[in-house]
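In case it helps, this note's numbering puts the sequence shown at residues 1 to 275.
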Amino acid sequence: MSMTRTLKSESLYPRWIHDCGEGAVIWRLAFTPSGTLVGQKRFANERQSLFFSIDPLSGLVYAAGWMAVDPVQEALIGEGWFTGIETVHEHLVYIHSWQDASPEHRGIWAFDPVNGEVRWGRPDLVFSANTVVGLLVYRIVFFAGLPERHYALLNPLTGTLIESSEIDAEEVLSLQRGAETEERRQRVELPEMDQNSGGEREWLLLEGISVEGLHRKDAAGGWHSSLKIVENGTLSYEDSMESDSSKPLWNNFLVRGGDLYYIRNKRELVCVPLR
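Structural data, given as structure tokens:
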């Protein structure tokens, strides 16, 4: 595990750096309301998708490489590759698979990221929204040869139906519109693109602290993405996120609870406390 490069080491330091390993690509990050950081990393050559979980304050790794297994079918979810993160609730993260040859999600499984186990699974249902009254899900039913969606509400802790009767279309729409965005639910702040930069600058402004993602293209066509932290006009931290990439690394950092998280060279997750 390598240490980050900083311009002013006396000002800001990384709290921790988590290296996901050779060939890994950090694919997705999520934060449970209970405070656990959960990530998904993918290994393209092996066609493997693994999940890891970390205590954000200490950097303690709960699970370094957990593969999603359906507890009922005793089989890898999505063949160990076609999986993703849907949402979070309390201490749980919910993952999904995909339908064959389709962008449509399939199934929902509740994952305990601290203990590294699936608490319950519903391969027969598809996630729609995380609402204040439960997880809105649907089952695809064919009528006269055409698919229809029949909606229901699930208890997010047990995976059991809250109501046995089907939810009508008007209530479904109301629940979907009232659901929080994942950014608000997970209390994360994402960078905004500087509209005058031609895609070469994105930034977050936080009470006198500016976090900037800078992207430039060299003469050979490779993109170089770097990150800077400026406090009251003074540069206090700088690092390279990736060099000679085929595209700029937009949305490669976020802030949560006064801490900056960014991905370096696809495989390293870096946490820098801003306060």
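Where is the CB? At the ideal position from N, CA and C, for every residue including glycine.
With 16 other CB atoms within 10 Å as the buried threshold, where does residue i fall?
i	result
P156	buried
G258	exposed
E171	exposed
P71	exposed
T87	buried
V126	buried
S165	exposed
L205	exposed
R216	exposed
S279	Any property of residue 279 remains undetermined from this structure, which presents the chain solely from 1 to 275.
T36	buried
A219	exposed
K8	With a pLDDT of 40 at K8, under the threshold of 50, the modelled position of this residue cannot be trusted; read the value that follows with caution. Exposed.
A44	exposed
I think residue i touches residue j, with their Cβ atoms under 8 Å apart; what is that distance to the nearest whole Å?
i	j	result
E163	L173	Contact flag wrong, Cβ pair sits at about 17 Å.
L249	L260	Not really, about 15 Å apart at Cβ, beyond 8 Å.
G65	L50	4 Å
L254	E189	6 Å
R28	I108	With 8 Å as the limit, R28 and I108 do not qualify as a contact, their Cβ atoms being about 16 Å apart.
V69	V118	7 Å
L175	A129	6 Å
E242	S225	5 Å
G208	E231	6 Å
A169	T131	Their Cβ separation, rounded to whole angstroms, is 15 Å, which puts A169 and T131 out of contact at 8 Å.
Could you tell me which residues DSSP puts in a beta bridge with residue i?
i	result
W66	F51
P273	D259
I17	V270
F111	V93 and V118
T160	Answer is none; T160 lacks a bridge partner.
T87	Y94
W81	None, per the DSSP bridge assignment.
V230	S210 and L235
Are residue i and residue j closer than 9 Å when you measure CB to CB?
i	j	result
N288	L214	The structure shown does not extend to residue 288, since the chain is modelled only from 1 to 275, so the question has no answer here.
R267	G80	no
G78	S97	yes
P113	V38	yes
A110	V93	yes
W223	S240	no
F31	R187	yes
P191	E182	no
R264	V272	no
N115	Y151	no
R185	P14	no
I26	Q40	yes
I54	H89	no
Would you mind reading off the limits of the beta strand (DSSP E) that contains residue i?
i	result
L154	L146 to L154
E183	First-last for E183: E182 to Q186, but that is the alpha helix (DSSP H), not the beta strand (DSSP E).
L12	Where L12 is concerned, there is no enclosing beta strand (DSSP E), given that its DSSP letter is neither H nor E.
L235	T234 to S245
N130	V126 to T131
I140	G134 to F143
A30	V25 to F31
G39	L37 to F43
E207	Premise fails: E207 is in no beta strand (DSSP E) and is neither H nor E.
Looking at the unbroken alpha helix (DSSP H) that takes in residue i, where does it start and where does it end?
i	result
A219	That residue, A219, is in no alpha helix (DSSP H); it is neither H nor E in DSSP.
S174	A169 to G178
For chain C, check one thing: does any of its Cβ atoms lie closer than 9 Å to the Cβ of residue i?
i	result
P103	The structure shown contains no chain C; it holds only a single protein chain.
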